[in-house]
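Reading through the structure tokens given below for one structure.
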Amino acid sequence: MSPLVQVQDLAKVFDVSAPWLNRVLEHKPRQFVHAVDGVSFSIERGRTLALVGESGCGKSTVARLLVGLYQPTRGTVAFDGQETQAALASAAPARQLRRRMQMIFQDPYASLNPRWKVRDIVGEPLIEHGLVDGDQGLKSQVGELLASVGMSAADMEKFPHQFSGGQRQRISIARALATKPEFLVCDEPTSALDVSVQAQVLNIMKDLQRERGLTYLFISHNLAVVRHVSDQVGVMYLGRLVELADRSALFATPRHPYTRMLLDAIPDVGMSGRARTPVQGEVPNPLNPPSGCAFHPRCPHANARCSAERPALSEFQGIRVACHAVAEGRI
Ligand code: SF4
Numbered sequence: 011m012s013p014l015v016q017v018q019d020l021a022k023v024f025d026v027s028a029p030w031l032n033r034v035l036e037h038k039p040r041q042f043v044h045a046v047d048g049v050s051f052s053i054e055r056g057r058t059l060a061l062v063g064e065s066g067c068g069k070s071t072v073a074r075l076l077v078g079l080y081q082p083t084r085g086t087v088a089f090d091g092q093e094t095q096a097a098l099a100s101a102a103p104a105r106q107l108r109r110r111m112q113m114i115f116q117d118p119y120a121s122l123n124p125r126w127k128v129r130d131i132v133g134e135p136l137i138e139h140g141l142v143d144g145d146q147g148l149k150s151q152v153g154e155l156l157a158s159v160g161m162s163a164a165d166m167e168k169f170p171h172q173f174s175g176g177q178r179q180r181i182s183i184a185r186a187l188a189t190k191p192e193f194l195v196c197d198e199p200t201s202a203l204d205v206s207v208q209a210q211v212l213n214i215m216k217d218l219q220r221e222r223g224l225t226y227l228f229i230s231h232n233l234a235v236v237r238h239v240s241d242q243v244g245v246m247y248l249g250r251l252v253e254l255a256d257r258s259a260l261f262a263t264p265r266h267p268y269t270r271m272l273l274d275a276i277p278d279v280g281m282s283g284r285a286r287t288p289v290q291g292e293v294p295n296p297l298n299p300p301s302g303c304a305f306h307p308r309c310p311h312a313n314a315r316c317s318a319e320r321p322a323l324s325e326f327q328g329i330r331v332a333c334h335a336v337a338e339g340r341i
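All you need for my numbering is the position in the sequence shown, starting with 1, plus 10.
And the structure:
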């Protein structure tokens with residue numbers, strides 16, 4: 011069976027130039043940020059691909075490109091074999107596509123309308139897509155959706171401010187599930203929550219995936235969370251994928267030096283005694299990225315080739331890695 015989501019050479023360039031008059035007076039050139047630069051991956055039905063990386067690596071931009079909130083500068087996204095750009099250009103296919111893919115945002119405080127009751131928030135997509143008949147039908151469907159995320163039907167008469175952060179995120183998930191989507195794009199869905207609450211929300215998401223056969227793209231900067239939810243992991247650095255592998259392979263034998271650096275930052279609760287290198291340096295300015303491999307200023311394995319030539323994502327023993335040192339057998 012073909013993958014549900016296929017992304018090919020996806021790129022997004024933002025024009026961040028100063029206004030025209032400032033540029034003329036101050037003799038400044040136009041400036042562009044390559045937020046996503048040639049990313050390709052696919053997600054099988056019922057599986058979870060997690061994209062990880064530090065802030066500014068482009069993972070949230072990929073999420074927004076997938077659901078059509080941004081137009082790609084280059085490349086394609088195909089959903090169930092159909093190119094989303096073409097589908098989003100006309101009303102009926104766009105509506106159908108929006109029903110089948112939904113997004114959960116990081117901040118449940120900002121993504122829920124504070125003036126609406128939970129019944130209206132969760133029920134809006136049902137009404138919008140004509141999936142409900144009458145007030146009684148709406149109440150019963152909203153009640154079922156709330157029950158599916160571990161809340162009670164009585165909660166539908168309350169406002170968002172009457173709930174904790176974790177409960178608000180559950181409401182966001184219930185709303186996202188209203189149209190019975192097949193694909194959920196989850197952009198740091200638990201980052202704003204306390205650690206104990208994060209686990210509850212992640213477990214609910216895993217249960218829902220099992221029950222409904224959902225496919226997830228999960229965006230996170232936290233590898234401990236990714237280890238809990240993912241089947242496949244893509245590591246991003248400055249807009250590019252540097253490693254793409256099955257979860258077990260990536261956590262057992264990380265190949266790319268950046269992946270190793272991120273893994274070394276996770277607390278070693280198993281007290282394995284393995285030598286660890288803390289995360290060093292900072293993500294470079296995306297307006298002026300380093301030449302060659304963008305990671306070379308922070309990499310302990312960098313050589314002259316690394317600063318001159320950008321490595322391509324190539325397959326090594328089932329793991330796709332973009333690194334000269336791996337290709338040369340140095341690591
Ligand atoms: Fe380090 Fe070179 Fe590999 Fe980049 S290509 S990660 S600089 S060894």
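Cβ coordinates follow ideal geometry from the N, Cα and C atoms, glycine included. In this text the structure is predicted, and so the values were computed from the model without any measurement.
The beta carbon of residue 309 sits closer than 7 Å to at least one heavy atom of the ligand SF4. In the three-state scheme derived from DSSP, where H, G and I count as helix and E and B as strand, residue 146 is classed as helix. By the neighbour-count definition (other C-beta atoms within 10 Å, threshold 16), residue 174 is an exposed residue. Checking the DSSP bridge columns, you'll see residue 48 has no partner listed. In this structure, the straight-line span from the alpha carbon of residue 317 to that of residue 267 is close to 15 Å. Judged by DSSP in its simplified three-state form, residue 319 adopts coil rather than helix or strand. DSSP places residue 261 within a helical segment (H, G or I) once states are collapsed to three. Residue pairing by DSSP puts residue 330 in a beta bridge opposite 254, 325. Where residue 229 is concerned, the enclosing beta strand (DSSP E) starts and stops at 225 to 230.
Short note on residue 335: C-beta closer than 7 Å to some heavy atom of the ligand SF4. Residue pairing from DSSP places residue 247 in a beta bridge opposite 250. For residue 58, the pairing in a beta bridge is given by DSSP as 226. With fewer than 16 other Cβ atoms inside 10 Å of its own Cβ, residue 171 counts as exposed. Residue 274 carries a helical assignment under DSSP once its states are collapsed to helix, strand and coil. Nearest C-alpha to residue 49 among 319, 313, 247: 247. At least one heavy atom of the ligand SF4 falls within 7 Å of the beta-carbon of residue 266. By the beta-carbon neighbour count (other beta carbons within 10 angstroms, threshold 16), residue 211 is buried.
Residue 195 holds the alpha-carbon nearest to the alpha-carbon of residue 112 among 195, 260, 270, 339. Within 10 angstroms of the beta-carbon of residue 326 lie fewer than 16 other beta-carbons, which makes it exposed. One thing to note: residue 87 has its Cβ no nearer than 8 Å to the Cβ of residue 79. Counted as a single uninterrupted DSSP element, the beta strand (DSSP E) harbouring residue 85 occupies residues 84 to 89. With fewer than 16 other Cβ atoms from the protein chains shown falling within 10 Å of its own Cβ, residue 328 counts as exposed.
Below 8 Å, too few C-beta pairs join the region 58 to 67 and the region 19 to 34 to call them touching: fewer than three. Residue 21 sits buried, since 16 or more C-beta atoms from the chains shown fall within 10 Å of its C-beta. Each of 14, 17, 191, 131 was checked against the Cα of residue 167, and the nearest Cα belongs to 131. As a beta-bridge residue in DSSP terms, residue 194 pairs with 112, 226. Between residue 107 and residue 55, the C-beta spacing is not below 8 Å.
Beta-bridge analysis with DSSP links residue 101 to no other residue. In this structure, the ligand SF4 has a non-hydrogen atom nearer than 7 Å to the beta-carbon of residue 305. A direct Cα-to-Cα measurement between residue 251 and residue 244 gives close to 6 Å.
Residue 137 counts as exposed, since fewer than 16 other C-beta atoms from the protein chains shown sit within 10 angstroms of its C-beta. A Cβ-Cβ contact shorter than 8 Å links residue 186 with residue 114. Taking C-beta atoms under 8 Å as the contact rule, residue 176 and residue 207 qualify, at a distance of about 4 Å. Using a cutoff of 7 Å, the CB of residue 321 counts as near the ligand SF4, since one of the ligand's heavy atoms is closer than that. The residue among 34, 18, 36, 60 with its C-alpha nearest the C-alpha of residue 254 is 60.
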